[in-house]
Amino acid sequence: MYGFAQKTKGALLLCAMALSLSFCASQEKPKAISYVAENKVPRKIAVLPPIYLAPKNQDATIAITSGSEEEKFVNDLVRGVIQNQLAGKGYSIQPLDLVDRKLRSKGDAKAWIKMTPTELCSLLSVDGLIYPEILAATMLQAVAYDEYSLEVRLKMFNKEGEDLGTWTESASKRKIAIPTSPIGALATIAEAALDEPAKKHMRLVIYDLGWKIAQVLPDSPYEKALPEILSVDSNIDKGVFAAGEKIEVDLNAEDGLTCTFDIGDFKKNIPMSPVSSGLYKGIYVIRKGDNASNLPLAIHLIKPNGVERTWLETGGAVTIDAIAPPAPLETRTKATREGIRIVWARPETGDLDAFTIERSDSPVGDFAALNSTKDLSYLDAEVSQGKTYYYRVLSVDRIGNRSSPSEVKKSTVPFFDEVKLSDRPKGPLVPGYYSVTGESVVEEGEVLKIAPGTRFRFQPGAKLLTKGVLLAQGSEKDSIIFEGTGWQGISVAAKGRVEISNSDFKGCSPCIELGEGRLDAQSIYLRGDGGSGLIAGEGGQFLLKGASVEGFEKGIIINDARGKIEESTITKNGYGLEFTAGELELNNNNIFGNSEQDMISHQKIVIGNNFLGTDTVKDLKIQGDILVTSLLDSPYPHGRKVVLIDKADITPEKIEAVFQEKKTKGIEAFTLRKFGDAHQFLADALSMKEDKDVYLYLAYTEMILGEEAKSEKTLDRGIKAFPYEVRLYEVYAKSLATRGKKAEAILLLEKAMKMNPDNKSLGIMKDSLLPSPSPKENKVQAPKEAVTPPGKTVPDSSKDAVNFSDLKAAGIDAFKKRDLKKAEGLLNKALSLDQDKEAYLYLAYTQMNLGNEEELEKTLKSGIAAFPDEARLYHIYAKYLSSKGEVEKALALVDQGLKANPDDKNLKMMKDYLKQ
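1 is the number of the first residue of the sequence shown in my numbering; add one for each residue after it.
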């Protein structure tokens, strides 16, 4: 403590003295160069380790301490700078590490001091020696005063032991800041904290001293003049460099040089650009993944004549650690009234210093840093109710490397005060409390997404109608609550879809009503006071899993819908489950304890693996044509299966075999024109498994039986099950068009074209249904532009086209505009130049619309001759022949087409149809 106090007093004394001085050190007059006879100057020289002549009473001074880290830094740097300057003056230099190894070979580290210059020159294989002596050295960095000073004496000897000269030089750098107020004192402290490292200041002082010495040392007469260096400034004293940081080198030397620098063997020939006359700057930006340790920094200077000089930065080394630390784990967020709290876990590895929290208003794009903390959580209080934020967290190691971001977490601040639900809600709904009055409708094409923890309070008579998509997905911890008194639940309209989970319904009747839409409900809780819990109506499709239904007059009603009920409990109702029509699978359910009946069925149904309150058939509370194959002897999931009817033969393989048998019999009955049998077999097959061919044959059967409404319903179901099956769209569109519903047929084909954009027959079929424009429209309205490939233009059909592509494009354009005569002429011209499937198809449809039967047949025959593998040409020709009553010719043509296209399902279907 005494030594520190003395140094502090010394520093303050210097501060007081310095107030009367200029801030800039005065310049000494340049010293004369000592004369040394040319024949005495050594060719190869060694710089010996410096000797620090420490003050006798160090505690009373501010000088560096003998044996300290500062002494080693100064000694190494002085020695290296002197060596660099000697090299610049043309001397051949013995490498320092070789000098040190040979000196250590004498045993004692200081033994060389007692050796004569002649003995040392012999040991080191050199012609001369430099003995550096550090007479004084100060490295003081304080709040109000910085002092960096150095005084060095050099002695030069040759191998004969002659003393060639002694030179003494000094250099210093001072910075004084005496605060005159408390604010000034704080500013001074802040500036000191942000200052450059002390080693860098001392390095600049030693470089200054080295340059001064170079001016008085004799030049070597043996080498060419090397590039002159005035000063070198780098930031290698920073310590360890992290990703994104820069290694910077500034050089002051003679003009016209080519300069580069190396970082050991890690990076070489990093360019240094001239910034002004004699000043050069080089920068290397640390990249992620860079890693190097204790590498030297070497600067290369090359004159235009090729003479090169290398400057080695001594007294320091470059260490790079740009290896990113591991990212934080298990990031979570939770919104409260106070804000959003972000929580994460510390990675098991990595020398971490802090964590940076970033936020954005979108899941991608720029994230802004909120704060850094050493804790494992952070509260973002600057948030607004009803707004969504995205967060990620990064680890930062002690060097400053940042990890990759953690997984982005979304958090929405709920409405903590009740707000009214919109009449037309859509999009993600902010969690919170909502009141519902009247009817709120999710429109067709819209999606309403409800987050966990949201609560709805319905007024009497209120309901939520879904024509679009409703996604209400709660969680085990935060369920979604739908409650009220006398409200009318959630209604799923035709084309609507509801996916709901972990949700509670209270005080509603019905709580869920399914029309011709789709319902997927899991882990829902329906509680009522009379009325009905769930009604699934005609055309509806549903899955009910893990539900609980109680307190209703009728718990669940299935009326001509199709679906499954699994792992659900239906109890404490008047009637548990009523099944009137449709398709229903019941598995692993608990249906018991209902006051009137546990289950009623109005059509035959087979059920198994459910708990129905008893394991004795005579005690079952069921009514109707219900075949119970097995029961659970106690509630699921703990009940054991009690087999009542052996169903070992009902395996998936045997079910598939039965399905194939019914399908085959149905198609055979259709071919034999036994349409009643065909309908029965095909309907049975479809009840077992959805199949494209079964849908098609069943639809054709219903058309023949005059049941167009049923046929359209079958086709609609088929399209929902197989949205990419072109034949279903084509048959449905033909059916609609035949019944005069061309607008609906066109809409259906447009939907099919979105699903099957590469199918050209759909586009041709749609174009054939488009109405011809009236003469008035032709005069007044400008025709729509045809869609053409990029870089191409559709030629005006009123002008002469000169090549096949233009003629074809113009013909198709005229067809789409319903200018059929012009289309026929252009397409005929196109086909006179080249053969093309699409041109034949458009020409055939054009002539079909014109009623030009003779030309139509010629076109189709020519097309088939040119493209015998094109099934669509056979299909159009057969359809045309059958419309004229020439069924035999049509069948022969279809057979011809099937020889070329044996797997074409459209031709197979047409053949079966023609055999009627």
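All C-beta atoms, glycine included, are put in the ideal place defined by N, C-alpha and C. Just so we're clear, the structure is a prediction, and the values are computed from it rather than from any experiment.
The beta-carbon distance between residue 681 and residue 662, rounded to whole angstroms, is 5 Å. This is short enough to meet the 8 Å contact definition. Linking residue 621 to residue 554 through their CA atoms gives a straight-line distance of about 14 Å.
Two segments are said to touch when three or more pairs of C-beta atoms, one from each, lie closer than 8 Å; by this definition the stretch 383–397 touches the stretch 349–365. Separation of the CB atoms of residue 54 and residue 139 is rounded to 14 Å, and the pair is thereby denied contact status at 8 Å. Residue 400 places its beta carbon less than 8 Å from that of residue 242. Pairing residue 812 with residue 840 gives a Cβ-Cβ distance that is not under 8 Å.
In this structure, the beta-carbon distance from residue 219 to residue 90 falls below 8 Å. Straight-line measurement puts the Cα of residue 719 at about 27 Å from the Cα of residue 883. Here residue 257 has 227, 301 as same chain residues with Cβ atoms under 6 Å from its own Cβ, once five neighbours each way along the sequence are excluded.
In the three-state reduction of the DSSP assignment, residue 602 falls in the strand class, which pools E and B.
For residue 469, the enclosing beta strand (DSSP E) stretches over residues 469–473. For the pair residue 126 and residue 83, the CB atoms are not nearer than the 8 Å cut-off.
With a minimum length of 3 residues, the unbroken runs of beta strand (DSSP E) contained wholly in the stretch 88–163 fall at 128–141, 145–158. Secondary structure note for residue 211: its alpha helix (DSSP H) is the uninterrupted segment 198–216. The beta carbon of residue 624 sits closer than 7 Å to those of 600, 601, 602, all from its chain and outside the five residues before and after it, given in chain order. Residue state for residue 356 is assigned as strand, using DSSP reduced to three classes.
Distances from the alpha-carbon of residue 85 to those of 333, 130, 522 put 130 closest.
The three-state secondary structure of residue 714, taken from DSSP, is helix.
Residue 860 is bridged by DSSP to nothing; it lacks a bridge partner. Rounded to the nearest whole angstrom, the C-alpha separation of residue 831 and residue 803 is 11 Å. In the displayed model, residue 811 falls within a helix according to three-state DSSP.
CA-CA distance, residue 609 to residue 880, rounds to 56 Å. DSSP, reduced to helix, strand and coil, places residue 268 within a strand of the structure shown.
As the crow flies, the alpha-carbon of residue 498 is around 9 Å from that of residue 542. Residue 292 has 320 as its beta-bridge partners, per DSSP. Beta-bridge partners assigned by DSSP to residue 449: 428, 471. As DSSP reads the structure, residue 172 sits in a beta bridge with 149. For residue 690, no beta strand (DSSP E) run applies, since DSSP gives it neither H nor E. In this structure residue 641 touches residue 632 by the C-beta definition: roughly 6 Å separates them, less than 8 Å. Taking the CA atoms as reference points, residue 342 sits about 16 Å from residue 384.
Residue 529 and residue 510 have their C-alpha atoms some 11 Å from each other. The beta carbon of residue 74 sits closer than 6 Å to the beta carbons of 137 from its chain, once the five residues preceding and following it are set aside; these are given in chain order. Cβ atoms of residue 568 and residue 595 stay farther apart than 8 Å, at about 19 Å.
The Cβ-Cβ distance between residue 556 and residue 586 does not fall below 8 Å. Taking the Cα positions, residue 92 is about 12 Å away from residue 225.
Between the C-alpha atoms of residue 513 and residue 575 there is a straight-line separation of about 17 Å.
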